[in-house]
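**Student:** Note that the protein sequences, when read in sequence, are chains A and B. Using the numbering used here, read the first sequence as starting at 295 and increasing by one per residue. Using the numbering used here, read the second sequence as starting at 7 and increasing by one per residue. A virtual CB, placed ideally from N, CA and C, is assigned to each residue, including glycine. Please read these numbers as outputs of a predicted model, since none were measured by experiment. Pasting a structure here, questions to come.
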Amino acid sequence: MPAGSKLLPSQKVKISRGKVHIIEERCKGCGLCTDFCPKQVLHRSERVNEKGYHLVEVIEEPEKGKFCVACGFCQIICPEYAIWVEKREEYV
Amino acid sequence: MEETCELLHPIDRWLKTERMPHIWCPGCGVGPTIHAWVRALERVGIEKEKVVYVSGIGCCGRGSGYLDVDGFHTTHGRAIPFAVGLKLANPELCVTVISGDGDLFAIGGNHFIHACRRNNDLLVICVNNFIYGMTGGQLAPTTPHGGYSTTSPYGNIEHPFNTPHLADAAGAVYVARWTSIHVRELELSIAEALRMKGFRYIEVLSPCPVNFGRRNNFPEPDAMAKWFAQSSVIMHGADTSKVAIDMGKPIILGNFVKREGKPTYYELLRKLEEMRRKR
Numbered sequence: 295m296p297a298g299s300k301l302l303p304s305q306k307v308k309i310s311r312g313k314v315h316i317i318e319e320r321c322k323g324c325g326l327c328t329d330f331c332p333k334q335v336l337h338r339s340e341r342v343n344e345k346g347y348h349l350v351e352v353i354e355e356p357e358k359g360k361f362c363v364a365c366g367f368c369q370i371i372c373p374e375y376a377i378w379v380e381k382r383e384e385y386v
Numbered sequence: 007m008e009e010t011c012e013l014l015h016p017i018d019r020w021l022k023t024e025r026m027p028h029i030w031c032p033g034c035g036v037g038p039t040i041h042a043w044v045r046a047l048e049r050v051g052i053e054k055e056k057v058v059y060v061s062g063i064g065c066c067g068r069g070s071g072y073l074d075v076d077g078f079h080t081t082h083g084r085a086i087p088f089a090v091g092l093k094l095a096n097p098e099l100c101v102t103v104i105s106g107d108g109d110l111f112a113i114g115g116n117h118f119i120h121a122c123r124r125n126n127d128l129l130v131i132c133v134n135n136f137i138y139g140m141t142g143g144q145l146a147p148t149t150p151h152g153g154y155s156t157t158s159p160y161g162n163i164e165h166p167f168n169t170p171h172l173a174d175a176a177g178a179v180y181v182a183r184w185t186s187i188h189v190r191e192l193e194l195s196i197a198e199a200l201r202m203k204g205f206r207y208i209e210v211l212s213p214c215p216v217n218f219g220r221r222n223n224f225p226e227p228d229a230m231a232k233w234f235a236q237s238s239v240i241m242h243g244a245d246t247s248k249v250a251i252d253m254g255k256p257i258i259l260g261n262f263v264k265r266e267g268k269p270t271y272y273e274l275l276r277k278l279e280e281m282r283r284k285r
């Protein structure tokens with residue numbers, strides 16, 4: 295730990311939680327959201343949409359610390375405007 | 007699926023949603039660039055009614071049709087002249103040109119440098135994908151030295167434009183370069199530019215997986231994005247003459263130039279009119 299830094303009190307710090315919405319008919323399966331998701335909750339699925347692109351699915355494993363923290367990066371990096379995050383605040 | 011029907015994507019307020027999904031290829035950088043611009047407009051608080059989006063020909067040209075703001079899809083290379091006239095006729099408007107490198111620097115190169123020189127009050131965002139994407143991947147003036155395209159199958163022997171240096175030398179008041187992966191920085195940079203007056207230029211490096219990436223060893227839709235993420239270095243205020251793009255070397259990003267106090271063309275025109283009235 296760098297000198298002068300303090301641990302945050304884990305009981306008091308809020309980690310935001312998010313719910314990912316995917317607009318399936320817009321997704322083109324480019325993989326940008328799955329590559330840049332900091333918590334790796336987004337995965338390429340075997341399901342395809344009506345245009346034949348492989349869709350993205352959300353797999354959360356909260357016990358391993360893999361859950362959406364509502365950073366919203368997938369929402370702003372998606373070239374298709376197909377994914378967005380609803381923010382839900384919770385204590386962790 | 008019921009939920010996605012009820013709730014809307016936050017950008018849908020600005021989109022003509024009936025035209026979605028758009029025609030841009032998987033992994034294209036035009037979408038994130040336009041999204042960053044929209045978020046910057048919301049951040050600065052500019053009303054939707056005062057926003058005008060002018061685009062030229064190319065992949066970016068489609069953007070003016072997809073957004074629910076006043077827009078014009080101009081002829082090839084003439085996005086800047088149209089936007090100059092629009093801004094002079096109605097100075098209340100917030101006029102943005104979002105166009106490609108082929109449109110702004112090949113056929114529209116002269117318009118670009120002269121608008122820089124005159125300091126017309128415009129924000130120009132160049133989505134640089136290193137190639138003529140829509141017409142099938144021909145060599146563009148921004149294709150890196152040694153890059154492959156359909157018209158340079160043995161590698162490009164030409165040297166590309168260093169567009170931030172060009173804008174800086176021609177007198178733009180704000181010059182920045184980001185990539186379509188650095189979306190948060192890009193949003194802040196566009197917001198900073200929207201608050202300024204004069205000719206502001208932002209170059210956005212964009213992946214073109216289908217026409218540039220496929221021929222230059224970036225076979226996947228996300229490979230160029232990973233290249234940007236790995237090889238970019240942020241240097242604010244860097245000397246623009248040293249930021250040319252070369253394959254295999256670090257890509258320098260940042261807000262390079264910010265000039266204060268240069269009067270815009272419209273201000274000088276008003277001054278001239280007042281002087282003429284007094285005589």
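Alpha carbons only, please: which of B:Ile63, B:Asp74, B:Gly62 and B:Cys66 is nearest the one belonging to B:Glu53?
**Tutor:** Among B:Ile63, B:Asp74, B:Gly62 and B:Cys66, the Cα nearest to that of B:Glu53 belongs to B:Asp74.
**Student:** May I ask you to report which of helix, strand or coil DSSP gives B:His82?
**Tutor:** Here B:His82 sits in coil by DSSP.
**Student:** Give me the residue from B:Leu211, B:Phe136 and B:Ser61 with the minimum Cα distance to B:Asp76.
**Tutor:** Here the closest residue by C-alpha is B:Ser61.
**Student:** Report, in whole angstroms, the separation of the C-beta atoms of A:Glu374 and A:Cys362, which I expect to be a contact under 8 Å.
**Tutor:** Wrong, their Cβ atoms sit about 19 Å apart, outside the cutoff.
**Student:** Let me see if you follow: with CB-CB separation under 8 Å, is A:Ile371 close to chain B or not?
**Tutor:** So yes, A:Ile371 belongs to the interface.
**Student:** When the distance is taken between beta carbons, is B:Thr148 closer than 8 Å to B:Pro166?
**Tutor:** Yes, they are a contact pair.
**Student:** Whose C-beta lies closer than 7 Å to the C-beta of B:Ala46 among residues of the same chain, with five residues either side of it excluded?
**Tutor:** The answer, listed in chain order, is Glu193, Ile196, Ala197 and Leu200.
**Student:** Closest by CA to B:Gly115, which one among B:Pro215, B:Glu279, B:Glu273 and B:Ala146?
**Tutor:** Per the Cα distances, B:Ala146.
**Student:** Give me the residue from B:Asp245, B:Phe218 and B:Gly71 with the minimum Cα distance to B:Leu259.
**Tutor:** Ranking B:Asp245, B:Phe218 and B:Gly71 by Cα distance to B:Leu259 puts B:Asp245 first.
**Student:** Taking only three categories from DSSP, how would you classify B:Gln144?
**Tutor:** Residue state, collapsed to three classes: strand.
**Student:** Do B:His171 and B:Ser70 count as a contact pair if the criterion is CB distance below 8 Å?
**Tutor:** Against a cut-off of 8 Å, the Cβ pair of B:His171 and B:Ser70 comes out as no contact.
**Student:** With a threshold of 8 Å between beta-carbons, can A:Glu374 be considered close to chain B, or not?
**Tutor:** At least one chain B Cβ lies under 8 Å of A:Glu374.
**Student:** List, in chain order, every chain A residue whose beta-carbon is nearer than 9 Å to that of B:Leu21.
**Tutor:** Simply Tyr375.
**Student:** What does DSSP give as the partner residue(s) for B:Cys132 in the beta ladder?
**Tutor:** DSSP lists B:Ser105 and B:Glu209 as partners of B:Cys132.
**Student:** Any Cβ of chain A within less than 8 Å of the Cβ of B:Gly71?
**Tutor:** So no, B:Gly71 is outside the interface.
**Student:** B:Met26 touches chain A at which residues, Cβ-Cβ below 9 Å?
**Tutor:** In chain order: Ile317, Glu319, Arg320, Glu374, Tyr375 and Ala376.
**Student:** Give the residues of chain B in contact with A:Gly323, contact being defined as C-beta atoms less than 7 Å apart.
**Tutor:** Those within 7 Å of A:Gly323 in chain B are Pro32.
**Student:** Assuming the contact rule is C-beta atoms closer than 8 Å, B:Cys122 and B:Ala176 should be a hit. Round their C-beta distance to whole Å, please.
**Tutor:** Indeed, because the Cβ distance is near 4 Å, the residues count as touching under 8 Å.
**Student:** Counting contacts by CB-CB distance shorter than 8 Å, is B:Ile17 in contact with chain A?
**Tutor:** True, the Cβ-Cβ gap to chain A drops below 8 Å.
**Student:** Contact criterion: CB-CB distance below 8 Å. Does B:Pro225 meet it with respect to chain A?
**Tutor:** It does not: the Cβ of B:Pro225 has no partner Cβ on chain A nearer than 8 Å.
**Student:** With C-beta atoms as the reference, is B:Ile86 less than 8 Å away from B:Val103?
**Tutor:** Against a cut-off of 8 Å, the Cβ pair of B:Val103 and B:Ile86 comes out as a contact.
**Student:** Please list the residues of the region 183–201 of chain B that have a C-beta atom closer than 9 Å to any C-beta atom in chain A, keeping them in chain order.
**Tutor:** Residues Ser186, Ile187, Val189, Arg190 and Glu193.
**Student:** Given A:Trp378, which residues of its chain have a CB within under 6 Å of its CB, disregarding the five upstream and five downstream residues?
**Tutor:** Contacts found: His315 and Gln369.
**Student:** Answer yes or no: does any C-beta atom of chain A fall closer than 8 Å to that of B:Asp74?
**Tutor:** No, because no Cβ of chain A sits closer than 8 Å to the Cβ of B:Asp74.
**Student:** Looking at the structure shown, is B:Thr185 part of a helix, part of a strand, or coil, going by DSSP?
**Tutor:** Looking at B:Thr185 - three-state DSSP - the assignment turns out to be strand.
**Student:** Counting only the same chain and skipping the five closest in sequence on each side, list residues whose C-beta sits under 7 Å from that of B:Phe224.
**Tutor:** Correct list, in chain order: Pro215, Met230 and Trp233.
**Student:** Would you give the residue range spanned by the beta strand (DSSP E) that A:Lys313 belongs to?
**Tutor:** Per DSSP, A:Lys313 belongs to the beta strand (DSSP E) from Lys308 to Ile316.
**Student:** Checking 8 Å against the spacing of the C-beta atoms, do B:Val189 and A:Ile371 come in under that value?
**Tutor:** Yes, the Cβ-Cβ distance between B:Val189 and A:Ile371 is below 8 Å.
**Student:** Using C-beta distances below 6 Å, list every residue in its chain close to B:Ala112, excluding the 5 sequence neighbours before and after it, in chain order.
**Tutor:** Only Pro147 meet the Cβ criterion.
**Student:** Given this structure, state the Cα-to-Cα distance separating A:Leu326 from A:His348, to the nearest angstrom.
**Tutor:** Cα to Cα, A:Leu326 sits roughly 13 Å from A:His348.
**Student:** Measuring only the C-alpha atoms, how far is B:Leu99 from B:His82?
**Tutor:** Roughly 23 Å separates the two Cα atoms.
**Student:** Determine the contact status of B:Asn126 and B:Phe78, defining contact as a CB-CB distance below 8 Å.
**Tutor:** No, the Cβ-Cβ distance between B:Asn126 and B:Phe78 is not below 8 Å.
**Student:** Which residue wins for smallest C-alpha separation from B:Lys106, given the options B:Arg221, B:Asp174, B:Ile40 and B:Pro269?
**Tutor:** Here the sequence assigns Gly to residue 106 of chain B, which means Lys is not the residue at that position. When only C-alpha atoms are compared, the closest one is B:Ile40.
**Student:** Which residues in chain B have a C-beta closer than 7 Å to the C-beta of A:Leu326? List them in chain order.
**Tutor:** By Cβ distance, chain B contributes Gly33, Asp228 and Ala231.
**Student:** In whole angstroms, give me the CA-to-CA distance for B:Met1 and B:Ile208.
**Tutor:** Any question about residue 1 of chain B goes unanswered here, given that chain B covers just 7 to 285.
**Student:** Counting along the chain, where does the alpha helix (DSSP H) carrying B:Lys22 start and finish?
**Tutor:** Taken as a continuous stretch (DSSP letters only), B:Lys22 belongs to no alpha helix (DSSP H), as it is neither H nor E.
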